[in-house]
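Below: the structure, in structure tokens.
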Amino acid sequence: MTDSLVQLESEILSRPWFYHFQLPSGRVTECYLPAGVEQIHTTRERMLLETLTAHLGSDWQALRCLDLACHEGYFSFSVARQGCAEVVGIDARPEHIESANLLRRAFNLSNVRFQVGDIQRLDAADLGQFDVTLLFGILYHLENPIGVLRLCHALTKRVCLIETQIAPHLAGPTDWGSHLFTQQILGCFAIVDETDNLARDDKEANITPISLFPSLPALLWLLTKVGFKRAQVIEPPPDAYEQFRSGKRVIVAAYNTL
Ligand SMILES: C[S@@+](CC[C@H](N)C(=O)[O-])C[C@H]1O[C@@H](n2cnc3c(N)ncnc32)[C@H](O)[C@@H]1O
Numbered sequence: 003m004t005d006s007l008v009q010l011e012s013e014i015l016s017r018p019w020f021y022h023f024q025l026p027s028g029r030v031t032e033c034y035l036p037a038g039v040e041q042i043h044t045t046r047e048r049m050l051l052e053t054l055t056a057h058l059g060s061d062w063q064a065l066r067c068l069d070l071a072c073h074e075g076y077f078s079f080s081v082a083r084q085g086c087a088e089v090v091g092i093d094a095r096p097e098h099i100e101s102a103n104l105l106r107r108a109f110n111l112s113n114v115r116f117q118v119g120d121i122q123r124l125d126a127a128d129l130g131q132f133d134v135t136l137l138f139g140i141l142y143h144l145e146n147p148i149g150v151l152r153l154c155h156a157l158t159k160r161v162c163l164i165e166t167q168i169a170p171h172l173a174g175p176t177d178w179g180s181h182l183f184t185q186q187i188l189g190c191f192a193i194v195d196e197t198d199n200l201a202r203d204d205k206e207a208n209i210t211p212i213s214l215f216p217s218l219p220a221l222l223w224l225l226t227k228v229g230f231k232r233a234q235v236i237e238p239p240p241d242a243y244e245q246f247r248s249g250k251r252v253i254v255a256a257y258n259t260l
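Here my numbering is used: the first residue of the sequence shown is 3, the next is one more, and so on.
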């Protein structure tokens, strides 16, 4: 290892991170999540790589991938290491993008770049299309989730993977203007107030207090309604992190090809 890499690694290792990152020396960053919860990342990475490999084959070299709300770049690095032509990670918090860039230097990966941005304000035309779009751990931190699903549809050439908490489901008939008329509720959204998370500077939170997230039937319906050709829940492995086994959290693949 060069002196500058040794120095870079000691800077990275001097504080805890949201993920365990294995650095070129083999040393691993400390993760600030409570013990056991960090397994969420390994389950997600495994499901991500298995799903993409099954769908796209092993020819990663031709792929352009976008990681929306990339945080410190964990999933951007996962796909970049597979050899993608280009990976772009975007996050609203400049400190995460700074951290991701620090790691990018340590990993010496030239096929990944990071930029600051609010994904609710992105213009698809500025970014072009990506074979793979990742929307991990963010749909339930947004006040405009439908707008972001529309953005994902516009940005995705082949497949978008959405990893999210899901709301309890509500469906059935509802009165519509009069008891004489009814409409069918297909699914629902839940509201979470992130005011306290913002006050304590929770770096994983929404950037505004209002978070709105759909039930699973609502999400699946919305994905086809915004234009994806089909959407499918990815089966978690038997030893998956508990949230996936209980179905409170899911990965859904939304395809833009048949
Ligand atoms: C729970 S973390 C998930 C990070 C990563 N995608 C993952 O799944 O591990 C949520 C991330 O979304 C970012 N974020 C929140 N609101 C955002 C927005 N409107 N646009 C872009 N990033 C946002 C946060 O800064 C944080 O990095």
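Glycine included, each C-beta is placed from N, C-alpha and C at the ideal position. Remember, predicted model here, so these are calculated numbers, not experimental data.
Check your understanding: Cα separation between residue 101 and residue 111?
Key -> The residue given as residue 101 occupies position 99 in the sequence shown. The residue given as residue 111 occupies position 109 in the sequence shown. Roughly 14 Å separates the two Cα atoms.
Check your understanding: Does the Cβ of residue 187 lie closer than 6 Å to at least one heavy atom of ligand 1?
Key -> Numbered from 1 along the sequence shown, position 185 holds the residue referred to as residue 187. Answer for residue 187: no, Cβ out of range of ligand 1.
Review point. With a CB to CB cut of under 6 Å and the five nearest residues on each side skipped, what residues in its chain are close to residue 140?
Key: On the sequence shown, position 138 is the one that residue 140 refers to. Hits under 6 Å: 71.
Exercise for review: Confirm the yes/no value for this check: CB of residue 29, any heavy atom of ligand 1, distance under 6 Å.
Suggested key: Within the sequence shown, residue 29 is the residue found at index 27, counting from 1. For ligand 1, not one heavy atom lies less than 6 Å from the Cβ of residue 29.
**Study point:** Candidates 230, 243 and 235: closest to residue 258 by CA position
**Key:** Within the sequence shown, residue 258 is the residue found at index 256, counting from 1. Nearest option by C-alpha distance: 230.
**Study point:** Distance between beta carbons of residue 171 and residue 213, contact taken as under 8 Å
**Key:** Mapped onto the sequence shown, residue 213 falls at position 211. Mapped onto the sequence shown, residue 171 falls at position 169. Actually they are not in contact, since the Cβ atoms of residue 213 and residue 171 sit about 18 Å apart, beyond 8 Å.
Check your understanding: Closer than 6 Å: is that where the CB of residue 138 sits relative to any heavy atom of ligand 1?
Key -> By 1-based counting over the sequence shown, the position of residue 138 is 136. Yes - ligand 1 has a heavy atom lying nearer than 6 Å to the Cβ of residue 138.
Review point. DSSP beta-bridge partners for residue 167?
Key: Position 165 of the sequence shown, counting from 1, holds the residue named residue 167. Paired residue(s): 251.
**Study point:** Entirely enclosed alpha helix (DSSP H) segments - the stretch 123 to 193, minimum 4 residues
**Key:** 126 to 129 and 147 to 157
Point to revise | the stretch 87 to 100 / the stretch 29 to 37 touching (three or more Cβ pairs under 8 Å) | key: The stretch 87 to 100 is not in contact with the stretch 29 to 37.
Check your understanding: Leaving out the 5 sequence neighbours to the left and right, which residues in its chain are closer than 7 Å to residue 62 when beta-carbon positions are compared?
Key -> Position 60 of the sequence shown, counted from the first residue, corresponds to residue 62. 84, 85 and 86, listed in sequence order.
Practice item. Going by CA-CA distance only, name the one from 195, 163, 121 and 68 that's closest to residue 235. Key: Within the sequence shown, numbered from 1, the residue matching residue 235 stands at position 233. When C-alpha distances from residue 235 are compared across 195, 163, 121 and 68, the shortest belongs to 163.
**Study point:** Given residue 211 as reference, the closest of 200, 151 and 40 once Cα atoms are compared
**Key:** On the sequence shown, residue 211 is found 209 positions in, with the first residue counted as 1. Of the candidates 200, 151 and 40, the one whose C-alpha sits nearest the C-alpha of residue 211 is 200.
**Study point:** Separation of residue 125 from residue 42, as counted between CA atoms
**Key:** For the purposes of this step, residue 42 is taken as the residue at position 40 of the sequence shown. For the purposes of this step, residue 125 is taken as the residue at position 123 of the sequence shown. Approximately 31 Å, taken between the alpha carbons.
Point to revise | Among 179, 154, 105 and 187, the one whose alpha carbon lies nearest that of residue 75 | key: Along the sequence shown, read from residue 1 onward, the residue named residue 75 stands at position 73. Here the closest residue by C-alpha is 105.
Point to revise | Supposed contact pair residue 108 and residue 25 - C-beta distance, whole angstroms, cut 8 Å | key: What you label residue 25 is simply residue 23 of the sequence shown in a count that begins at 1. What you label residue 108 is simply residue 106 of the sequence shown in a count that begins at 1. Confirmed, about 6 Å.
Check your understanding: Hey, out of 167, 181 and 186, whose CA is closest to residue 174's CA?
Key -> Translated into the one-based positions of the sequence shown, residue 174 becomes position 172. Taking the Cα of residue 174 as reference, the smallest distance to any Cα among 167, 181 and 186 is reached at 186.
Review point. Touch check for the stretch 41 to 61 and the stretch 116 to 131: three-plus C-beta pairs under 8 Å?
Key: no
Point to revise | Where residue 3 falls, given that 16 or more other Cβ within 10 Å makes a residue buried | key: Translated into positions along the sequence shown, residue 3 becomes position 1. Burial is judged here by how many other beta carbons sit within 10 angstroms of a residue's own beta carbon; residue 3 has fewer than 16 and is exposed.
Check your understanding: Between residue 198 and ligand 1, is the CB less than 6 Å from at least one heavy atom?
Key -> Locating residue 198 in the sequence shown gives position 196, where the first residue counts as 1. No.
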